[in-house]
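Enquirer: Keeping their order, the protein sequence lines are chains Y and V.
Going from the first sequence to the numbering used here is simple: count from 1 and add 604.
Going from the second sequence to the numbering used here is simple: count from 1 and add 33.
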Amino acid sequence: MVEQRVVVRLPMGLHARPATALAVLASRFAADIQLIGNGLVANAKSALEVIGLAALEGTELLIRAEGEDAPSAVEQIAAFLEGGWEESGM
Amino acid sequence: MESSSSAGGRFSSQGKSAERSILRGNSERWVRAIAASPGIAIGAAVILSPQKGTPAAQEAEPLDEWQRYQMAVEALRAEWGQAREIAAAEAPAVVPIIDSYLRMLTEATLKERIWKAVAAGSTVERVLQQVFEPIIGRLRRSSSVSFQERGVELEQVFHRLLSLLQQQRLDYSRVAGAIVVATALTPSDVLLLHRAGAQGFVTAVGGITSHTTILARSLQMPAVIGLRGAIGAIAEGDPLVVDGYTGVVVIHPDGETCRRYERHRDSTEWRRRILVRFTKLPAETTDGRRFRLMVNLTSMQDVEEALLVGAEGIGLVRTELLPLQLGRLPTEEEQFHWYRQIAERFYPQPVTIRLFDLGGDKYSYEFVPERNPALGMRGIRFLLARREILRTQLRALLRAAVMPNVRLLVPMVSTEQEVFAVRHELEVVRQCLAGEGILYGERLPFGIMVETPAAALIMERLAPLADFLSIGSNDLTQYTLAVDRTHEMLAELYDPFHPAVWRLMVHVVEVARRHGIPVCVCGEITAHAQATELLVGLGVEELSTMPAAIVPLKHRIRRLSFREARRILLSTLNTGQEGLTI
């Protein structure tokens with residue numbers, strides 16, 4: 605199992621569009637991936653559960669993954685949350 | 034059967050509701066809420082009842098339940114797919130959000146959860162409730178306005194899914210020519226209602242940055258939102274006037290009101306449609322030179338107006354608004370909250386926050402009255418003399434700069450030393466915040482305001498210290514011509530077209546170009562129709578003006594040629610060549 609703490613650095617928080625993009629990213633991996641924060645556990649492959657975290661920018665989240673490609677899953681998701689996703693237009 | 038109001042044949046309603054109108058009496062009622070999308074709509078109310086599909090209590094057959102679920106999701110997907118097509122043609126900015134919702138509703142994890150629950154004997158409604166309600170609750174309780182709005186939208190989507198499960202289809206045919214009244218509307222609703230011919234809409238909930246609002250503006254549908262409890266006063270078939278300019282809704286308008294609004298509508302509609310089309314077009318000259326048109330914030334209302342006219346950012350936030358309104362200096366928290374809010378509203382467009390320009394004619398209660406306030410303790414001089422005020426503001430600004438669209442502007446610069454001093458203070462504040470573990474923006478673009486002749490003339494030394502420049506033409510004109518712009522008898526001498534002012538501006542722009550930094554012109558001159566050609570010829574990147582001037586300014590820019598404008602500017606200054614040396 606691989607774990608990593610990150611602070612959400614997306615300026616508007618983990619709202620609809622980045623939540624969906626994150627779920628798409630997570631779904632590419634075989635591992636089971638969870639995002640834990642605000643007292644909740646969310647399946648990272650579910651855009652609904654991710655937006656349900658209501659994670660504002662500055663929130664600390666724990667990424668937990670279990671499975672073959674767990675290390676790269678955690679690495680890529682961490683990079684995403686730490687500002688690797690560009691907001692454009694709306 | 035006609036409604037009994039004196040508005041006569043304009044409104045028609047089914048028998049039952051006309052009866053209700055008679056019983057209730059025809060007193061006109063005015064409701065004031067949030068103006069979401071400009072325009073006037075006059076018509077009968079069609080109420081979209083909140084679709085609260087009730088979760089069935091008893092257990093059901095797993096396979097039946099699964100099939101019901103499949104059909105409902107397919108119907109929802111078809112509906113949203115239609116909406117997406119309309120959006121792609123008429124409001125492309127909303128397509129990503131529709132895609133998000135589509136994905137959420139059709140994702141594999143949701144399907145698995147529903148299948149497991151249904152196989153264990155639950156009804157579809159119950160499991161959907163278990164999935165959606167906690168999420169909606171958390172979003173609506175969030176301290177972020179945009180999360181709250183997502184919560185409201187998600188709730189509408191959830192309720193639509195529930196009603197589709199009970200095979201309640203929405204009959205859009207009723208809405209042609211009518212005004213739709215609803216608790217809330219999803220983006221899909223707005224698109225489909227527009228296509229079905231609805232004239233406008235009114236909702237109980239809603240915020241100015243919600244997708245519903247953005248869509249309504251793209252589709253040019255008059256809309257008023259945020260009526261809250263007052264929406265209960267509207268009954269099916271009630272005649273309404275919806276004034277999307279002011280946020281007023283009139284229920285049961287009398288003949289006089291109707292006539293007045295009809296006149297208003299007829300005279301403004303054609304002009305508005307032409308002008309609104311411009312908000313979608315870029316501020317580009319005939320030969321392809323692009324300008325970013327931004328707004329000067331002089332009051333809180335300007336934020337809403339700026340959004341409505343399609344401003345591409347805020348060229349000047351006059352932060353001294355806050356202490357002038359409060360009657361005292363604002364705390365760090367108050368400032369942070371305000372800067373942050375504006376930055377969020379305009380994200381990702383730039384928001385230029387100018388440090389307090391206090392003193393001069395704007396703030397004198399703490400000081401002995403000066404003989405020459407305009408030449409006195411104001412702008413950056415005041416702040417450097419009162420460092421605790423400067424530091425508090427810088428702290429609030431740096432914290433707000435977590436939003437990457439925030440940039441800082443220093444007022445009344447006349448020396449290099451002032452710039453060094455502010456940069457030093459910024460560094461000190463950064464270290465404090467880091468030490469306290471408080472989040473702040475790593476990159477904060479640093480701008481210098483050019484409003485003194487001194488600053489313009491030493492631009493070679495100032496430009497390397499700045500990420501961008503902002504020319505304050507009001508003060509620059511005043512100081513260059515040595516004329517008090519508030520002096521009644523000197524009004525003629527205060528001439529913003531005086532070549533001296535323009536020579537300085539041309540010089541500033543040239544130096545800026547050599548250093549690769551953008552220049553903004555903000556000041557009354559930007560709203561002046563005769564100045565547009567000269568400003569275009571100046572070749573700056575950004576123009577910041579008052580909200581009401583944005584659309585006419587864009588209109589003028591689009592009819593000009595940059596090369597021609599530049600030629601005219603330079604020949605007006607009698608230079609006879611492309612550049613100026615001072």
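Glycine included, each C-beta is placed from N, C-alpha and C at the ideal position.
Values in this document were obtained by computation on a predicted structure and should not be read as measured data.
Using CA coordinates, which residue listed in Gln450(V), Leu391(V), Ile347(V) and His531(V) is at the minimum distance from Cys553(V)?
Expert: Taking only the C-alpha atoms, the option nearest Cys553(V) is Ile347(V).
Enquirer: Between the alpha carbons of Ser54(V) and Leu567(V), how many angstroms are there, rounded?
Expert: With a pLDDT of only 39 at Ser54(V), under 50, the local geometry of the prediction cannot be trusted, and the value read off the model is given with reservation. Each residue's alpha carbon lies about 59 Å from the other.
Enquirer: Do you know offhand how far Gln450(V)'s Cα is from Ala488(V)'s?
Expert: Spanning the two alpha carbons is a distance of roughly 12 Å.
Enquirer: Determine the direct distance from the alpha carbon of Ala211(V) to that of Ser60(V), and round the result to whole angstroms.
Expert: Distance between the alpha carbons of Ser60(V) and Ala211(V): 21 Å.
Enquirer: Mind pulling the chain V residues with CB within less than 9 Å of Pro675(Y)?
Expert: The contacting residues do not exist; Pro675(Y) stays about 22 Å from chain V at best.
Enquirer: If you compare alpha carbons, which of Arg110(V), Ala229(V) and Lys313(V) is closest to Val584(V)?
Expert: Of the candidates Arg110(V), Ala229(V) and Lys313(V), the one whose C-alpha sits nearest the C-alpha of Val584(V) is Lys313(V).
Enquirer: For Trp113(V), which of helix, strand or coil comes out of DSSP?
Expert: If DSSP states are grouped into helix, strand and coil, Trp113(V) belongs with the helices.
Enquirer: Report buried or exposed for Asp631(V), applying the criterion of at least 16 other Cβ atoms within 10 angstroms of its Cβ.
Expert: Since the first residue shown for chain V is 34 and the last is 615, residue 631(V) is missing from the structure and cannot be characterised.
Enquirer: Under 7 Å between beta-carbons, which chain Y residues line up against Leu143(V)? List them in chain order, please.
Expert: Result: Ser650 and Leu652.
Enquirer: Leaving out five residues before and five after Gly641(Y) in sequence, what residues of the same chain have Cβ atoms less than 7 Å from its Cβ?
Expert: These residues qualify, in order along the chain: Leu657, Ala659, Thr663, Glu664, Leu665 and Leu666.
Enquirer: Can you give me the Cβ contacts of Val274(V) inside the same chain, cut-off strictly under 6 Å, excluding the 5 residues immediately before and after it?
Expert: Contacts found: Ile75, Val283, Pro286 and Tyr294.
Enquirer: Between which two residues does the beta strand (DSSP E) harbouring Ala646(Y) extend?
Expert: That run of the beta strand (DSSP E) goes Leu644 to Asn647.
Enquirer: Considering only the beta carbon of each residue, do Leu416(V) and Leu459(V) sit closer than 9 Å?
Expert: No, these two residues do not count as a Cβ contact at 9 Å.
Enquirer: CA-CA distance, Leu614(Y) and Ile550(V)?
Expert: Computed Cα separation, rounded: 27 Å.
Enquirer: Please specify which runs of the beta strand (DSSP E), each continuous and at least 3 residues long, are wholly inside the region 524–571 of chain V, giving them in chain order.
Expert: DSSP runs (the beta strand (DSSP E)) wholly in the region 524–571 of chain V: 552–555.
Enquirer: Assuming Asp222(V) is part of the alpha helix (DSSP H), what are its boundary residues?
Expert: That run of the alpha helix (DSSP H) goes Pro220 to Arg228.
Enquirer: Can you name the residues that DSSP bridges to Gly505(V)?
Expert: Gly505(V) pairs with Cys555(V).
Enquirer: What are the partner residues of Phe479(V), as DSSP defines its beta bridges?
Expert: DSSP, once it has assigned bridges, lists Leu441(V) as partnering Phe479(V).
Enquirer: Mark Met538(V) as exposed unless 16 or more other C-beta atoms lie within 10 angstroms of its C-beta, in which case mark it buried.
Expert: Under this definition Met538(V) is a buried residue.
Enquirer: Judging by CA-CA distance, which residue of Arg292(V), Gln253(V) and Ala263(V) is the nearest neighbour of Tyr278(V)?
Expert: Ranking Arg292(V), Gln253(V) and Ala263(V) by Cα distance to Tyr278(V) puts Gln253(V) first.
Enquirer: Apart from the five residues on each side of it in sequence, which residues of its chain come closer than 6 Å, Cβ to Cβ, to Leu498(V)?
Expert: Once the five neighbours on either side are set aside, the close Cβ partners of Leu498(V) are Val452.
Enquirer: Have a look at Leu359(V) and Thr216(V) and give me their C-alpha separation to the nearest angstrom.
Expert: Cα-Cα distance, rounded: 36 Å.
Enquirer: Out of Ala122(V), Arg411(V) and Arg420(V), state which residue places its alpha-carbon closest to the alpha-carbon of Val25(V).
Expert: Only positions 34 to 615 of chain V appear in the structure, and residue 25(V) is not among them; the question remains open.
Enquirer: Using DSSP with H/G/I as helix, E/B as strand and the rest coil, what is Glu686(Y)?
Expert: If DSSP states are grouped into helix, strand and coil, Glu686(Y) belongs with coil.
Enquirer: According to DSSP, is Ile471(V) helix, strand or coil?
Expert: Correct three-state label for Ile471(V): coil.
Enquirer: Quick one: Cα of Leu218(V) to Cα of Leu109(V), how far?
Expert: Distance between the alpha carbons of Leu218(V) and Leu109(V) is about 15 Å.
Enquirer: Can you name the start and end residues of the alpha helix (DSSP H) that Ser196(V) belongs to?
Expert: Note, Ser196(V): alpha helix (DSSP H), Val178 to Leu198.
Enquirer: For Val610(Y), write down the residues that DSSP places opposite it in a beta bridge.
Expert: Val610(Y) is bridged to Leu665(Y).
Enquirer: Going by the beta-carbon positions, is the gap between Arg440(V) and Asp390(V) smaller than 9 Å?
Expert: Taking 9 Å as the Cβ cut-off, Arg440(V) and Asp390(V) do not qualify as a contacting pair.
Enquirer: Report the residues of the region 658–669 of chain Y with a CB closer than 8 Å to any CB of chain V, ordered along the chain.
Expert: Going along the region 658–669 of chain Y in chain order, one finds Ala658, Leu660, Glu661 and Gly662 with a Cβ nearer than 8 Å to chain V.
Enquirer: Using the Cα positions of Leu354(V) and Thr331(V), report the straight-line distance between them to the nearest angstrom.
Expert: About 7 Å.
Enquirer: Excluding the 5 residues flanking Val461(V) on each side, which residues of the same chain have their C-beta closer than 8 Å to its C-beta?
Expert: So the qualifying residues of the chain are Arg424.
Enquirer: Decide if the region 115–132 of chain V is in contact with the region 151–166 of chain V; the criterion is three or more beta carbon pairs, one per stretch, under 8 Å apart.
Expert: The region 115–132 of chain V is not in contact with the region 151–166 of chain V.
Enquirer: Below 8 Å on the Cβ atoms is my guess for Ile504(V) versus Pro529(V); work out the distance and round it to an integer in Å.
Expert: About 12 Å separates the two Cβ atoms, so there is no contact after all.
Enquirer: Given this structure, state the Cα-to-Cα distance separating Cys555(V) from Gly230(V), to the nearest angstrom.
Expert: The straight-line gap from Cα to Cα measures roughly 42 Å.
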